[in-house]
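Numbering (the numbering used here), first residue to last: 13 to 423.
Ideal Cβ positions, reconstructed from N, Cα and C, are used throughout, including at glycine.
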Amino acid sequence: MNKIQKSAQAFHYPSFRYLFFGRLFTVLGNGIAPIALAFAVLDMGGSASELGIVVASRSLFNVLFLLVGGVVADRYSRSRVLVVSALIAAVSQAFVAWSVLDGSATVISLTLLGALNGAAAGIALPASSALVPQVVPVKHLRQANALIQLGIYGGTVMGASLGGVITSAVGPGWGLAIDALGFAISAPLYFLMRVSPNNAGTTQGNILRDIKEGWAEFAGRSWIWSIVLQFAIINVAFNGIVVVLGPMIADASFGRARWGIIVAAHSAGLIAGSFLAMKWHPRRDLLIGAMLAGLYALPIFMLSQNASAAWLIAGFFIAGVSLGLFGVTWAHSLQTHIPADKLARVYAYDAMGSFISIPFGQLVAGPLAAQYGTANVLLMSALAVVMVTAAVGRVPAIRQPERMGTKPHNT
13 MNKIQKSAQA
23 FHYPSFRYLF
33 FGRLFTVLGN
43 GIAPIALAFA
53 VLDMGGSASE
63 LGIVVASRSL
73 FNVLFLLVGG
83 VVADRYSRSR
93 VLVVSALIAA
103 VSQAFVAWSV
113 LDGSATVISL
123 TLLGALNGAA
133 AGIALPASSA
143 LVPQVVPVKH
153 LRQANALIQL
163 GIYGGTVMGA
173 SLGGVITSAV
183 GPGWGLAIDA
193 LGFAISAPLY
203 FLMRVSPNNA
213 GTTQGNILRD
223 IKEGWAEFAG
233 RSWIWSIVLQ
243 FAIINVAFNG
253 IVVVLGPMIA
263 DASFGRARWG
273 IIVAAHSAGL
283 IAGSFLAMKW
293 HPRRDLLIGA
303 MLAGLYALPI
313 FMLSQNASAA
323 WLIAGFFIAG
333 VSLGLFGVTW
343 AHSLQTHIPA
353 DKLARVYAYD
363 AMGSFISIPF
373 GQLVAGPLAA
383 QYGTANVLLM
393 SALAVVMVTA
403 AVGRVPAIRQ
413 PERMGTKPHN
423 T
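Here it is in C-alpha cells:
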C-alpha cells in the first residue's frame, strides 16, 4: 500500500488532479470518436476516399495549429487556454453528433467541423504539456509525467474498446456525443486549476517575434532537434509505413484478428513502459531512452521477414515499452531544461517535427511497396530507424547531460 501511495504522490496536488482527469476524459472521448466517425461516414454511403477526407481534415488542422497553440500558451494563462479549447471542441463535436443523429450530416459539414475540432486540439496540446511543471514540485515531476502518460495511453485504449461497443449497440451518433461530453467535462476541471500567473509568459510583443524566439530555443539545442528528427523517422516508418503495410501482410498471412492482437500488444507495452518510468531514472536517461526508442526497428524488421504472429506480438510489445519509458524521460528533460515562458512553443515545434512525417509515410507506403516490394520497403525502414538512432547517440549533449544546458526553473 505504501508503494502505491508513493507512486501516486503527484495526486496530492489538486491542480495536478484536475489536469490528469481533464486529459483523461478528453482522450477517452477521442478514443471513441475515430471509430464512431468512420461508421457515421459509411452509414451515410460515403466512400473510402470521403472517409479519408473527413479524417484528414482533423489531422491536418491539428498539426497546423500546434504552433499557434504554443504561442498562445506562452502568452496567456495555460489553464484558460485549455478551458477555451475544450469548450470549442465540445461544441464542434456536439454539432457533429447532432447532425449524425438527425441524419443531416454531410461529408462537407463533417470535414469543416472536424477541422475546427482538430484546430482546438492543436492549440490545447502545447498548453497541456507545458502545464505539468506548474502543478507539481520538481521532485514529483517525473512521476507526474508518467501518470499523465499512463492516463493518456490507458484512456485511448479504453476509448477505442468502448467505441466499437457503443457504435454497434446504439449507433455512431451517440459515440460522437460521448466524445463531446468528454470535452465538456474537461473544461470545468481545467478551470478549477490554480496556476501561478508568473509562468504564463507575456501578452506583450509581436506574435511573429514569439514564433522566432520559440524556434531559436528549439533549434539552439542539438539534443532537442536531433531527437525530434529521430522520431520523425520512427513515425514515418512505424505510424506511417507499418500502419499501411501491416494490415496487408496480415490479410495475406496470419489474419486480421491476430493483427488486432499485435496492435493491442503495442498499446499494452506503452502502458507497461509508463508504469516502469515511475521508478526508472538512470543518470543518462535521455541517451538510454533515445537508444531504447531505436527498438522500433525490431517489429518493422520482423514484419519484413514474415515473422509469426507470436514473434510480432513480442516485438510490438517491446517497442511500446521503449516508447513508454522514453516519453516520460523526454517530457521531464524538456520541462527541466527549457525556460518556462518558452516551453509551450518548444513543445509545439517538437510535436510538429515528430508528427508531420506520418501522413507522408502513409501516402508513400503503397506506391513504394508496389515498386520495390513490401519486404524491401520494411527492411529499409528498419535500417533507417537504426541509422538515425545511432546518429542521435553521437550527439554530445545527449551523451553528456551536463551539456544540455542550465536547468532554468525549479518549480
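Note to self: Taking a contact to mean a Cβ-Cβ separation below 7 Å, would you say Ala381 touches Leu257 in this structure?
What the structure shows: Numbered from its first residue, the sequence shown carries residue 381 at position 369. Numbered from its first residue, the sequence shown carries residue 257 at position 245. Contact flag set, yes.
Check: DSSP three-state call for Phe266: helix, strand or coil?
Finding: By 1-based counting over the sequence shown, the position of residue 266 is 254. Coil.
Next item on the list: State whether the stretch 49-66 contacts the stretch 118-132, with contact taken as three or more CB pairs (one from each stretch) at a distance under 8 Å.
Entry: yes
Checklist line | Arg154, buried or exposed, once every other Cβ within 10 Å from all chains shown has been counted against 16 | finding: One-based indexing of the sequence shown puts residue 154 at position 142. The residue in question, Arg154, is buried, as its Cβ has 16 or more Cβ neighbours within 10 Å.
Item checked: Continuous alpha helix (DSSP H) stretch holding Asp297: start and end -> Taking the first residue of the sequence shown as 1, we reach residue 297 at position 285. Looking at the DSSP string, the run of the alpha helix (DSSP H) that includes Asp297 is 297-305.
Check: Taking the alpha helix (DSSP H) that Asn129 falls in, what are its first and last residues?
Finding: The residue given as residue 129 occupies position 117 in the sequence shown. Per DSSP, the unbroken alpha helix (DSSP H) holding Asn129 starts and ends at 119-147.
Note to self: DSSP three-state label for Ala319, please.
What the structure shows: Position 307 of the sequence shown holds residue 319. DSSP places Ala319 in coil when its eight states are reduced to three.
Checklist line | Ile239 to Arg221 span [Cα, whole Å] | finding: As a working mapping, residue 239 is identified with position 227 in the sequence shown. As a working mapping, residue 221 is identified with position 209 in the sequence shown. Rounded to the nearest angstrom, the two C-alpha atoms are 25 Å apart.
Item checked: Cβ shell of Ala196 (< 6 Å), same chain only, five flanking positions each side left out -> Locating residue 196 in the sequence shown gives position 184, where the first residue counts as 1. Result list for Ala196: Ala102, in chain order.
Note to self: Between the stretch 45-57 and the stretch 323-339, can you find at least three pairs of beta-carbon atoms closer than 8 Å?
What the structure shows: The stretch 323-339, when compared against the stretch 45-57, does not touch it at the 8 Å Cβ threshold.
Notebook entry, point to check: What's the C-alpha gap between Ser71 and Gly130?
Noted result: Here residue 71 refers to the residue found at position 59 of the sequence shown. Here residue 130 refers to the residue found at position 118 of the sequence shown. Computed Cα separation, rounded: 6 Å.
Checklist line | Collapsed DSSP secondary structure at His293 in the structure displayed | finding: As a position in the sequence shown, residue 293 is number 281, starting the count at 1. Of the three classes helix, strand and coil, the one that applies to His293 here is coil, per DSSP.
Notebook entry, point to check: What's the C-alpha gap between Gly378 and Leu201?
Noted result: Here residue 378 corresponds to residue number 366 of the sequence shown, with the count starting at 1. Here residue 201 corresponds to residue number 189 of the sequence shown, with the count starting at 1. Going from the Cα of Gly378 to the Cα of Leu201 covers about 43 Å.
Note to self: Considering just the uninterrupted stretch of the alpha helix (DSSP H) at Arg406, what are its terminal residues?
What the structure shows: Locating residue 406 in the sequence shown gives position 394, counting from the first residue. In the DSSP assignment, Arg406 falls outside any alpha helix (DSSP H) and carries neither an H nor an E.
Notebook entry, point to check: What's the gap between the Cα of Gln383 and the Cα of Trp342?
Noted result: Taking the first residue of the sequence shown as 1, we reach residue 383 at position 371. Taking the first residue of the sequence shown as 1, we reach residue 342 at position 330. When rounded, the distance between both Cα atoms is 37 Å.
Next item on the list: Please say whether Gly43 and Thr168 have beta carbons closer to each other than 7 Å?
Entry: On the sequence shown, position 156 is the one that residue 168 refers to. On the sequence shown, position 31 is the one that residue 43 refers to. Going by C-beta atoms, Thr168 is nearer than 7 Å to Gly43.
Checklist line | As assigned by DSSP and simplified to three states, the class of Asn74 | finding: Translated into positions along the sequence shown, residue 74 becomes position 62. Helix.
Notebook entry, point to check: How do the stretch 360-367 and the stretch 176-191 stand: do at least 3 beta-carbon pairs fall below 8 Å, yes or no?
Noted result: no
Notebook entry, point to check: From Val428 to Leu324, what does the alpha carbon distance come to, in whole angstroms?
Noted result: Absent from the model: residue 428. The displayed extent of the chain is 13 to 423, so no value can be given.
Next item on the list: Could you name the residues of the same chain whose beta carbon sits closer than 7 Å to that of Pro294, not counting the 5 residues immediately before and after it, in chain order?
Entry: On the sequence shown, residue 294 is found 282 positions in, with the first residue counted as 1. Counting only Cβ-Cβ distances below 7 Å, and skipping sequence neighbours, we find Ile300.
Check: Cα-Cα, which of Pro408, Phe28, Tyr25 is closest to Arg233?
Finding: Within the sequence shown, numbered from 1, the residue matching residue 233 stands at position 221. Taking only the C-alpha atoms, the option nearest Arg233 is Pro408.
Item checked: Gly171 in three-state terms, based on DSSP -> Position 159 of the sequence shown holds residue 171. Looking at Gly171 - three-state DSSP - the assignment turns out to be helix.
Notebook entry, point to check: Does the Cβ of Gly213 have 16 or more other Cβ atoms within 10 Å, making it buried, or fewer, making it exposed?
Noted result: The residue given as residue 213 occupies position 201 in the sequence shown. Confidence at Gly213 is low in this model, with a pLDDT of 49, below 50, so its placement is unreliable and the value that follows should be read with caution. Result: buried.
Check: For Ala132, which option in Thr38, Val182, Gln21, Pro259 has the closest C-alpha, if you only look at C-alpha atoms?
Finding: The residue labelled residue 132 in the question sits at position 120 within the sequence shown. With distances taken between Cα atoms, Ala132 lies closest to Thr38.
Checklist line | Option in Gly41, Ser97, Leu315 with minimal Cα separation from Ala199 | finding: One-based indexing of the sequence shown puts residue 199 at position 187. Considering only alpha carbons, the answer is Ser97.
Item checked: Ile120 classed as buried or exposed, judged by whether at least 16 other C-beta atoms fall within 10 angstroms -> Within the sequence shown, the letter at position 108 stands for residue 120. So Ile120 ends up on the exposed side.
Item checked: Sequence-distant residues of the same chain with beta carbon closer than 7 Å to Ala22, five excluded per side -> Locating residue 22 in the sequence shown gives position 10, counting from the first residue. Result list for Ala22: Phe28, Val148, His152, Gln155, Ala156, Leu159, in chain order.
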